[in-house]
Structures are given as structure tokens and as C-alpha cells.
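To keep things clear, I will list the structure first and then write my remarks on it.
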Amino acid sequence: KAGVTQTPRYLIKTRGQQVTLSCSPISGHRSVSWYQQTPGQGLQFLFEYFSETQRNKGNFPGRFSGRQFSNSRSEMNVSTLELGDSALYLCASSLAGSEGYTFGSGTRLTVV
Amino acid sequence: GIQVEQSPPDLILQEGANSTLRCNFSDSVNNLQWFHQNPWGQLINLFYIPSGTKQNGRLSATTVATERYSLLYISSSQTTDSGVYFCAVPRGGATNKLIFGTGTLLAVQP
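Taken in order, these protein sequences are the chains called A and B.
Under the numbering used here, residues 992 to 1103 are what the first sequence spells out, in order.
Under the numbering used here, residues 44 to 153 are what the second sequence spells out, in order.
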């Protein structure tokens, strides 16, 4: 079966712009989580969606937001980009958010 | 919150050598995962191991939940084993988010 698909793979944006990243989970998985990975902070949890509802949110500013559609696909949006938002953004899917997670290949965002 | 620490932080091996990576966690957990992040950034699920021992080819993992640690064994290492190994535990009560460890950077030299 298909894995977790993230698009785009690479993205370059300018400070102040906004960006939308997409994640399609494994078929049948209803939980999608997003993570930010930076060299300084490591892997940090952004938020989790389950059945179109945000169930949990990490410690990130309100510029970071997300949503989940009825087909479980999820998007995350970052507004007013800052240089520090440059990171690898990973999404993970699982059946219900309490079992093994499968990650996508990530979107590498560079803010210049 | 829970602290998840891994050791060693860096490891250099010759091809064919064996290694043990450790993951310590500061609070009780009901499951634990090991991941390998390859040089291209992709996180690959290696084991979902809340307790006991599992083996998959040259890799095996053991979690002793009562003593709050997990071990990942790599035998007969190959250059393709290079990358960063993370353990992660879920937190959040009714919902779950993964708390990742600090990672072990493994370099296997030919």
C-alpha cells in the first residue's frame, strides 16, 4: 500500500511570505501529526489531527496552523515566515494516534 | 515533561562491527518506537516495541519498561546503516504526540 506522501519535497520562500504544506496519510489512517526538525531543537511536535479535529498542539506560535479534510489529508500553514522557520517538516500517520507511526519523506523549507 | 535521552550521541564503526544504542526515558511509557533517519531525511520505522524483544534481520530491540530504557542492537553493520537513530515515546493522555530522543548519529565506514 502507498506510504505517507508529502508535497512539495523542497520549498524556498522569502521572509514574510506564507506557505502551505500537504500530507496524505496511509489509506485508512485517521490520525495525522506534524513535526518540525531543526539542527538546534531536534524533532518537535507541532499538532495532531484526528477525524478533522485538532486533538493536540505543541508549543509553537499561532503563525503555525493546520487542518484535516474528510479524506484524512492534512495541510499545515505557516504565515509571516521567519528565517528560523527553515526546517524539515515531517508528517506521520497512524490508525488512531496511539500505535506505530509511519512518517513521510518530509518537506524541506528554506526561508531566505 | 518526560525526558528522552539517547547514548552515545555519535558513533563511528567499521563495516561488519556490532553496536548497541541506548534510549533512557524519565517516566513510564506504554509504548516506544525506534526510527532510522537516512541521509536524505526520511524517518523509517524500525520497531514498535512497548516491552520485550523484537528482531528484524540484523537489527533487534529490547525495551525494559520497568527500568525505563530501551536498546537497539545492530549486528554486522553496513554502510547503509549510517544515519541518525531516534527513539520516541508517545505522550498526551487520550491523544498522543511523540517525544523524540536526542538521537544517535551513526557512521559506518567501509
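Just so it is clear, CB atoms sit at the ideal spot from N, CA and C, and this is done for glycine as well.
These numbers come from a predicted model, not from an experiment.
Worksheet item: Taking Cβ to Cβ, would you say L64 of chain B is nearer than 8 Å to I92 of chain B?
Response: Along the second sequence, read from residue 1 onward, the residue named residue 64 of chain B stands at position 21. Along the second sequence, read from residue 1 onward, the residue named residue 92 of chain B stands at position 49. The answer is no: Cβ separation not under 8 Å.
Worksheet item: Of the choices A:T1044, A:G1057, A:G1031, A:H1020, whose alpha-carbon is the least far from that of L1037 of chain A?
Response: Start at 1 with the first residue of the first sequence, and residue 1037 of chain A comes out as number 46. The residue among A:T1044, A:G1057, A:G1031, A:H1020 with its C-alpha nearest the C-alpha of L1037 of chain A is A:G1057.
Worksheet entry | Whole-Å CB distance - D124 of chain B paired with V151 of chain B, under 8 Å assumed | Taking the first residue of the second sequence as 1, we reach residue 124 of chain B at position 81. Taking the first residue of the second sequence as 1, we reach residue 151 of chain B at position 108. The Cβ separation is near 5 Å, so the contact holds.
Worksheet item: Which whole runs of the beta strand (DSSP E) in the region 95 to 150 of chain B are 3 residues long or more, in chain order?
Response: 95 to 99, 102 to 107, 112 to 117, 126 to 134, 140 to 143, all fully within the region 95 to 150 of chain B.
Worksheet item: Taking just the CA atoms, how far does S1063 of chain A sit from G146 of chain B?
Response: To locate residue 146 of chain B, count along the second sequence from 1; it is residue 103. To locate residue 1063 of chain A, count along the first sequence from 1; it is residue 72. G146 of chain B and S1063 of chain A: Cα-Cα distance of roughly 30 Å.
Worksheet entry | Three-state class that DSSP yields for G1033 of chain A in the structure shown | Here residue 1033 of chain A refers to the residue found at position 42 of the first sequence. Strand.
Worksheet item: Unbroken beta strand (DSSP E) runs of length 3 or more, entirely within the region 1018 to 1067 of chain A: which are they?
Response: With a minimum length of 3 residues, the continuous beta strand (DSSP E) runs that stay inside the region 1018 to 1067 of chain A are 1022 to 1029, 1033 to 1041, 1044 to 1048, 1055 to 1059.
Worksheet item: Start and end of the beta strand (DSSP E) containing L1074 of chain A?
Response: For the purposes of this step, residue 1074 of chain A is taken as the residue at position 83 of the first sequence. Segment: none, L1074 of chain A is in no beta strand (DSSP E) and carries neither H nor E.
Item to complete: Check whether the Cβ of G1053 of chain A lies closer than 8 Å to any Cβ atom in chain B.
Response: As a first step, residue 1053 of chain A must be located in the first sequence, where it is residue number 62. For G1053 of chain A, the nearest beta carbon of chain B is not closer than 8 Å to its own beta carbon.
Item to complete: State the DSSP-derived secondary structure class of I45 of chain B, mapped to helix, strand or coil.
Response: Mapped onto the second sequence, residue 45 of chain B falls at position 2. Three-state DSSP puts I45 of chain B in coil, outside helix and strand.
Worksheet item: Got a sec, what are the start and stop residues for the beta strand (DSSP E) Q76 of chain B sits in?
Response: Within the second sequence, the letter at position 33 stands for residue 76 of chain B. Note, Q76 of chain B: beta strand (DSSP E), 76 to 80.
Worksheet item: DSSP state of Q997 of chain A, grouped into three classes?
Response: Numbered from 1 along the first sequence, position 6 holds the residue referred to as residue 997 of chain A. Residue state, collapsed to three classes: strand.
Practice prompt. Kindly indicate which three-state DSSP category N61 of chain B falls into: helix, strand or coil?
Written response: Numbered from 1 along the second sequence, position 18 holds the residue referred to as residue 61 of chain B. In the structure shown, N61 of chain B sits in coil (DSSP, three-state: anything other than H, G, I, E or B).
Worksheet item: Taking the alpha-carbon positions, what's the R1006 of chain A to G95 of chain B distance?
Response: Position 15 of the first sequence, counting from 1, holds the residue named residue 1006 of chain A. Position 52 of the second sequence, counting from 1, holds the residue named residue 95 of chain B. Our two residues, R1006 of chain A and G95 of chain B, have alpha carbons roughly 48 Å apart in a direct line.
Worksheet item: If we count Cβ pairs, one from each stretch, closer than 8 Å, do we get three or more for the region 69 to 85 of chain B versus the region 104 to 119 of chain B?
Response: A contact exists between the region 69 to 85 of chain B and the region 104 to 119 of chain B.
Discussion item. Given a cut-off of 8 Å on the beta-carbon distance, is the pair T1098 of chain A and Q1027 of chain A in contact?
Written reply: Counting from 1 along the first sequence, the entry for residue 1098 of chain A is found at position 107. Counting from 1 along the first sequence, the entry for residue 1027 of chain A is found at position 36. No; because the gap between Cβ atoms is not below 8 Å, this pair is not in contact.
Item to complete: Please list the partners that G154 of chain B has in chain A, where partner means a Cβ-to-Cβ separation under 8 Å.
Response: Summary: the structure shown does not reach residue 154 of chain B, with chain B confined to residues 44 through 153, and so no result is reported for it.
Worksheet item: For T1005 of chain A, which of helix, strand or coil comes out of DSSP?
Response: Taking the first sequence and counting its residues from 1, one reaches residue 1005 of chain A at position 14. In the structure shown, T1005 of chain A sits in coil (DSSP, three-state: anything other than H, G, I, E or B).
Worksheet item: L1086 of chain A by DSSP, collapsed to three states: which one?
Response: Reading the first sequence from its first residue, position 95 is the one you call residue 1086 of chain A. Note: L1086 of chain A maps to coil in three-state DSSP.
Worksheet item: DSSP three-state call for I87 of chain B: helix, strand or coil?
Response: Locating residue 87 of chain B in the second sequence gives position 44, counting from the first residue. Three-state DSSP puts I87 of chain B in a strand.
Discussion item. Taking its Cβ as the centre, do 16 or more other Cβ atoms sit within 10 Å of Y1040 of chain A, making it buried, or is it exposed?
Written reply: Translated into positions along the first sequence, residue 1040 of chain A becomes position 49. With 16 or more Cβ atoms within 10 Å of its Cβ, Y1040 of chain A is classed as buried.
Discussion item. Counting only beta-carbon separations shorter than 8 Å, does K97 of chain B have a partner in chain A?
Written reply: Residue numbering aside, residue 97 of chain B sits at position 54 when the second sequence is read from its first letter. No, K97 of chain B does not count as interfacial toward chain A.
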